[in-house]
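In the working numbering, the protein residues as written are 4 to 113.
Where is the CB? At the ideal position from N, CA and C, for every residue including glycine.
Listed below in structure tokens is the structure:
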């Protein structure tokens, strides 16, 4: 997938395995993937109507990538962090390629 004006983002992802120390779970370390090309867009009014009412005033982005994105990934875009809430994988056809559409909420308090 090529984007007319791609943005470069980074993704922070927690390791999928849980480690325990003295029987208590320990925070998983994060792996950061950098240099990912993406199309980052604000939500349209129609998109916002699909959100829970209390979320409609939050800063939320639609992010399209060809790289895999998972729910709970942290996307770093324009020096701000966004937590991925939903991911849809789109299967390409003859005129397009597989890509991911993510909805990510800005992490408050940074």
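- Taking the C-beta atoms as reference points, residue 80 is found no nearer than 9 Å to residue 65.
- Note that the stretch 30-42 touches the stretch 8-16; at least 3 beta-carbon pairs, one per stretch, sit closer than 8 Å.
- Between the stretch 70-86 and the stretch 47-58 there are fewer than three inter-stretch CB-CB distances shorter than 8 Å, so the stretches are not counted as touching.
- Only buried fits residue 78, as 16 or more other CB atoms lie within 10 angstroms of its CB.
- Put simply, the backbone Cα of residue 84 is about 27 Å away from that of residue 94.
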